[in-house]
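The numbers in the UniProt record's numbering rise by one with no breaks, and the one at position 121 of the sequence shown is 121. Here a beta-carbon is modelled for each residue, glycine too, at the ideal position from N, C-alpha and C.
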Amino acid sequence: MSKFIHLPDTKPGDFAGVHFNSGIPDKAFFLTASHIGGFAWEASGSIWYASLKATGAHDQFEDFASTTFQKAGELFGTGGTKQSAVLSAWQEVEVPIRGVPRPPQVLETATLPEDAAAEPARLVAAAVSMSGQEQDDRARDAMSYSITVEDGDRTTALEQSDGAMPPAYAALLTWLRKHFAQQ
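Dropping the structure here:
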């Protein structure tokens with residue numbers, strides 16, 4: 001999804017980038033078929049066809065990814081190799097599947113130049129100072145983030161949701177997104 005292009009819903013804007021952004025699920029299909037092997041119209045095609053039939057007009061990429069994961073389980077067995085191939089493909093194109101945690105991303109600050117390592121350390125310290133504060137009700141249905149900070153023998157877990165995210169958490173997440181997007 002880091003390749004998603006935000007365009008206006010106009011003809012010059014490709015009607016919100018429908019053709020530009022269709023490459024994301026196209027690549028997920030290609031990766032699924034590559035992981036499974038055999039003829040693409042067999043297992044992968046069956047999964048995508050069943051998913052397309054179950055998809056609504058207003059579904060987003062995450063909805064479709066979740067549907068393909070569900071249909072792979074229904075057609076070929078929950079937790080099987082084909083469902084795992086679907087999960088892996090969507091993870092590779094950075095589209096989350098509801099109910100499946102994203103794989104962790106690791107940032108080794110020891111590998112950063114000394115001046116660059118100071119910023120995440122400052123942001124983590126600010127976020128840690130806010131941990132344990134009550135979240136309001138807006139956070140209940142929002143996207144949640146879990147950040148684990150390991151510093152020598154000490155491990156700190158930070159969890160926060162988008163609903164009412166304090167500025168310190170938002171700054172840390174913004175920095176991490178920018179760093180991982182550059183990798």
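Distance between residue j and residue i (C-alpha atoms, nearest Å)
i, j, result
"residue 106", "residue 150", "10 Å"
"residue 173", "residue 157", "14 Å"
"residue 171", "residue 148", "16 Å"
"residue 245", "residue 124", "Since the first and last residues shown for the chain are 1 and 183, residue 245 lies out of range."
"residue 146", "residue 70", "25 Å"
"residue 40", "residue 18", "24 Å"
"residue 122", "residue 37", "47 Å"
"residue 11", "residue 23", "18 Å"
"residue 74", "residue 43", "12 Å"
"residue 118", "residue 152", "16 Å"
"residue 177", "residue 33", "29 Å"
Residue range of the alpha helix (DSSP H) that includes residue i
i, result
"residue 28", "23-36"
8 Å contact criterion, which residue i and residue j should meet: CB distance rounded
i, j, result
"residue 86", "residue 68", "5 Å"
"residue 109", "residue 120", "6 Å"
"residue 28", "residue 72", "At roughly 12 Å, the Cβ-Cβ gap does not stay under 8 Å, so residue 28 and residue 72 are not in contact."
Own chain residues within Cβ distance below 8 Å of residue i, not counting five before or after
i, result
"residue 20", "5, 7, 14"
"residue 66", "97, 98, 99"
"residue 56", "63"
Candidates the options, of which the one nearest residue i by Cα
i, options, result
"residue 3", "26, 9, 12", "26"
"residue 46", "60, 76, 24", "76"
is_contact[residue i, chain D] using C-beta, thresh 7 Å
i, result
"residue 65", "Absent from the structure: chain D. Only one protein chain is present."
Sequence-distant residues of the same chain with beta carbon closer than 6 Å to residue i, five excluded per side
i, result
"residue 127", "158, 168, 169, 172"
Residues near residue i in its chain [Cβ-Cβ closer than 7 Å; skip 5 each side]
i, result
"residue 154", "none"
"residue 35", "85, 88, 89"
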